[in-house]
Amino acid sequence: MSNTSTRIANIIEQRKPLVQKLEKVEVNLNKLTYTLDQLEGYRKQLSTQIEDAETLSKLQEINLSDVNVQINLSLDALSKLKKRFSRNTLNIGVVGRARQGKSRLLQSLTGLTTAEIPDGNRQDCTGVKSTIYDNPDVTYAEVYFHTESSFLEEVIHPYYEKLGLGLNPFTLEEFANQPLPILSKNNITGYAEPGAKYEHLKKYHINLTQYRHLLKESYPQSIKREQIREYVAQDTLDGERNYYNYLAVKEVKIYTTFANSEVDKIAIIDMPGLGDTGIGDEEKLIKSLGEDIDFILFVRMPSPSGDSWKDVDVKLYDISRSALKDLPIELWSFIVLNKTSFTSSYGDNFNNCQDLLNTVNQKHLKVNKTVIKDCSDPQQAGSILEAILEYLGDNMIKLDQQYAQVSQQHLLETYQAVKTEITKAQSILNPDAEENQTSIEETFSDLFDDWWKDVKLELQTLLEDLVGQRQSLSIELLEGVESAMKACEEDRGILSLDKEEGLKQIQNDIRGSSALRVYPDYQDNLRLLISHKFLALDKNLKSTIESVKNYVVDTLKNKGHLDSLSQAEGTEFFRDITAIIPKDIVKLKEAFEIIAEFNLSWREFILPRVRKYLDPLTNIAVGNNQEQNNSPTLLLSKETTAEEIWDALDIDYEKVIHTIYPALEELLWEPNEAAYAMVEEFIDNVVRQHNIQREWRNFLRRKRGQVWSDVFGKHEEDRQRQKEWKAKIDQVVMINQVESFQFI
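Just so we're aligned, residue 405 is where the sequence shown starts under my numbering, counting upward by one.
Given below as structure tokens:
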């Protein structure tokens, strides 16, 4: 490996460690953008809520929009820097107007021919950007195509916008099937140039069927050397303009063996010649120079008949200079004045090359070096490349450092800009002054003391009122029991049928089985029938408990003002309050949770105690009812008749009905007893527990803005706004740390 190649390889290796650092800064900037957007959204919200003129004025002084613009610029600069340092090659961009000899220079440098790098003799020929890499094995290319969406957005839409053609086509189908809008000279300035650009757009439109299929290629297509011209050129070798594939191509990467075999890890980028009538070429040039290029080689071929620096030369230079503002272009560019001899078809232009060389400074075309070389001569072209590589070997590390330092400085300025605006934000909505806080606490203390006395008294009074109800039967349960008994009388299962019809059904069942099975089966059916009739008592039991819970709810709402915390009733009220009591207020939270979950059900409260009265309909011995089951209503045998079974079932059913009702009557007092115990337990927990008053105080202090909204409402709203404002500022501050902006 030559000394130059070694130095180039070292430059590339020294770049790579910075990439990971740049990615971390990039991630942090994206997080910062998000948190600033959140803060800006809340700032706008506050601007519609704050009435204080001074505070409103301070809010309006915060300028986060400009900060976000600065962050986006920093992100753009980081992206360029990251791409630069991620590359495995040093990239030399060859830039010039059309027909200045760029293609001839590239052919001389790379060993490629007109077949791969077109140099049409009649019209502009190169159609797309090509990046040429050194590859010692074989010449081939990778073609990257536009997608349908990128084709519309990057190629077609700019024509519509700059030529004033109206709404952009939304889909490729729309662009293909609808005629182009008529070019109106009223919407644009100039005459010939817009017309020429419109003709360029027509080329995309008319020939769409020739290249449309390529817009569906999602992966790069590898092609052989002899196919390259078909994808990069407008012309065939004989000059006929019948290639259209390039219209769908975004970029081509060509791999070949460079003429200088000692040079590797460089790439030469051939930019489409400016001066054609395509719209968007300048933007593409700026983007590529900023992201893909380490060094620019301007190519200019003076006319033998007399020439000077043109305005278009100055414009091209300025376009290139704007691509990377953080690094002066004179530090990373040469100009080559393409010399032609008297033996060439172009003629001898050496004197005019010399004139341009002598006047380059007068036009302020500042580059590191301007040379006169014959671009068609491989030896002279090679000397240009050697001069560039020698310059890069001596200066590239310093240029990278200078570029990185400028970007680093911009990042630190961004950090400071964010810090400045956040400092403004931190001075707004400050917490209340100490004396104001003291006054608020004193007011709350007085209100709470009165609240505590009232609530304790009302809860005790409620408990005393419930003493009388404690000794009374539950009307809800009584109504439920009577309703269930009525249902048992109206629906007696098979016994509700006409006896003759019922006997037929039993007789049929005996034929299908036997009397030994039919009688127990019907007993089971009747037992389940009765049991299910009493399931509805669940609703009655719940109603009893809920009505008593609501006595407590009414007290807490009317005297305790807790209606501001929940509008629910009964169990749901207690659940709501449980949910909003903080975990650190343990005893109070547990008290509300206990009463919220307290309930009575038929299965748990009544069924175990009345189940024994269903035993006459059970054909097995159960517990203490062994004696009863030893004297069954019907002693079964194979000869037992349907009528005997019918009569036995009727006796069993009546026995259950007449014993279960008195048993249930004995339980009618227990729901109110349980409800009283529930309330007494709750009051003990929320009034008489050790330190429970302190827990109430701590809880209500946090909810004072709702409980006493007429006194603390506005203050609590302001306090909540301040809390949210501070939280969003703290998020920004946590991300906006100076070390998170540093990569060198």
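Each residue gets a CB set at the ideal place from its N, CA and C atoms; glycine is no exception.
- prompt: How many angstroms separate the CA atom of Asp639 from the CA atom of Tyr659?
  reply: 22 Å
query: Can you find at least 3 beta carbon pairs, one from the region 1035 to 1050 and one from the region 898 to 911, that sit closer than 8 Å?
result: yes
field: First and last residue of the uninterrupted alpha helix (DSSP H) at Leu815
entry: Pro782 to Gln830
task: Output yes or no for whether 8 Å exceeds the beta carbon distance between Val499 and Met675.
output: yes
query: Hey, out of Leu939, Asn962, Leu966 and Glu973, whose CA is closest to Asn954's CA?
result: Glu973
- prompt: Assuming Lys606 and Leu584 make a contact with CB atoms under 8 Å, what is their CB distance in whole Å?
  reply: 6 Å
- prompt: According to the Cβ coordinates, are Asn1076 and Arg874 closer than 8 Å?
  reply: yes
message: Three or more C-beta pairs under 8 Å: does that hold for the region 888 to 905 against the region 1084 to 1100?
response: In short, these stretches do not touch, since the Cβ pair count stays below three.
- prompt: Once you ignore the five residues that flank Phe555 on each side, which residues in its own chain have a CB closer than 6 Å to its CB?
  reply: Leu619
message: Assuming Arg704 is part of the alpha helix (DSSP H), what are its boundary residues?
response: Here Arg704 belongs to no alpha helix (DSSP H); instead the beta strand (DSSP E) covers Phe699 to Arg704.
task: At 4 residues or longer, and completely inside the region 589 to 673: list those alpha helix (DSSP H) runs for me, N to C.
output: For the region 589 to 673, whole alpha helix (DSSP H) runs of length 4 or above, ordered along the chain, are 596 to 610, 612 to 615 and 632 to 636.
query: Between the beta-carbon of Tyr819 and the beta-carbon of Asn1140, is there less than 8 Å?
result: yes
query: When you compare only the Cα positions, how much space is there between Ala920 and Asn912?
result: Per the sequence shown, residue 920 should be read as Leu rather than Ala. Spanning the two alpha carbons is a distance of roughly 14 Å.
- request: Under 6 Å Cβ to Cβ from Ala837, same chain only, skipping five residues before and after it: list those, please.
  value: Caution is warranted here: a pLDDT of 44 is assigned to Ala837, below 50, making its placement in the model unreliable, and no coordinate value can be reported.
message: If I follow the unbroken beta strand (DSSP E) through Leu509, where does it start and stop?
response: Taken as a continuous stretch (DSSP letters only), Leu509 belongs to no beta strand (DSSP E), being part of the alpha helix (DSSP H) at Lys506 to Thr514.
- prompt: Quick one: what's got a C-beta closer than 6 Å to Ser737's C-beta in the same chain, skipping five residues either side?
  reply: Ile700 and Val771
message: Quick check on Asn1034: buried or exposed, where buried means 16 or more other Cβ atoms within 10 Å of its Cβ?
response: Low confidence applies to Asn1034: its pLDDT is 45, below 50, so where it sits in the model is not reliable, and the reading given next is rough at best. Exposed, by the Cβ-count rule.
query: Is the region 543 to 552 close to the region 618 to 637, with three or more CB pairs under 8 Å?
result: The region 618 to 637 and the region 543 to 552 touch, with three or more beta-carbon pairs separated by less than 8 Å.
query: With distances taken from CA atoms, which of Glu1085, Ser409, Phe1009 and Arg503 is nearest Tyr750?
result: Arg503
message: So the candidates are Pro732, Ile697, Phe754 and Ser724; which of them puts its Cα closest to the Cα of Ser712?
response: Considering only Pro732, Ile697, Phe754 and Ser724, the residue with the shortest C-alpha distance to Ser712 is Phe754.
query: Hey, quick one: how far does the alpha helix (DSSP H) through Ala972 stretch, first residue to last?
result: Run containing Ala972: none; DSSP gives neither H nor E here.
- prompt: What are the boundary residues of the alpha helix (DSSP H) that includes Tyr446?
  reply: Asn407 to Ser451
- prompt: Which residue's Cα is closest to the Cα of Tyr356: His1062, Leu576 and Asn472?
  reply: Residue 356 cannot be examined here, being either before or after the span of the chain that is shown, 405 to 1148.
- request: Given a cut-off of 8 Å, decide if Val532 and Glu655 are closer than it, judged by their beta-carbon atoms.
  value: yes
message: Taking the alpha helix (DSSP H) that Lys914 belongs to, which residues open and close that run?
response: In the sequence as displayed, the identity of residue 914 is Ile instead of Lys. That run of the alpha helix (DSSP H) goes Lys903 to Gly916.
message: Threshold first: 4 residues or longer. Then list the alpha helix (DSSP H) segments lying entirely within the region 1027 to 1071, N to C.
response: 1030 to 1034 and 1046 to 1069
- prompt: For the candidate residues Glu557, Leu516 and Leu450, whose alpha-carbon lies nearest to that of Tyr537?
  reply: Leu516
message: Suppose the cutoff is 7 Å on Cβ atoms and the five residues either side in sequence are ignored; what does the same chain contact list for Asn432 look like?
response: Ile1139 and Ser1144
Straight-line gap, Leu930 to Leu1021 (C-alpha atoms, nearest Å): For Leu930 and Leu1021, the distance between alpha carbons rounds to 7 Å.
- request: For Ile739, name the three-state secondary structure that DSSP assigns.
  value: DSSP places Ile739 in strand when its eight states are reduced to three.
- prompt: Where Ser478 and Thr975 are concerned, what is the direct C-alpha to C-alpha distance, given to the nearest angstrom?
  reply: 57 Å
message: Let me check understanding here. Comparing Cα to Cα, which of Gln442, Gln1124 and Phe978 lies closest to Asn1003?
response: Of Gln442, Gln1124 and Phe978, the residue nearest in Cα terms is Phe978.
Residue range of the beta strand (DSSP E) that includes Glu546: Tyr544 to Phe549
- request: Can you give me the Cβ contacts of Leu867 inside the same chain, cut-off strictly under 7 Å, excluding the 5 residues immediately before and after it?
  value: Val1083, Glu1084 and Ile1087
- prompt: Which value, in whole angstroms, describes the spacing of the CA atoms of Asp798 and Gly599?
  reply: As the crow flies, the alpha-carbon of Asp798 is around 48 Å from that of Gly599.
message: So if DSSP puts Gly884 in a beta bridge, which residue, or which two residues, is it bridged to?
response: Paired residue(s): none; Gly884 is not in a bridge.
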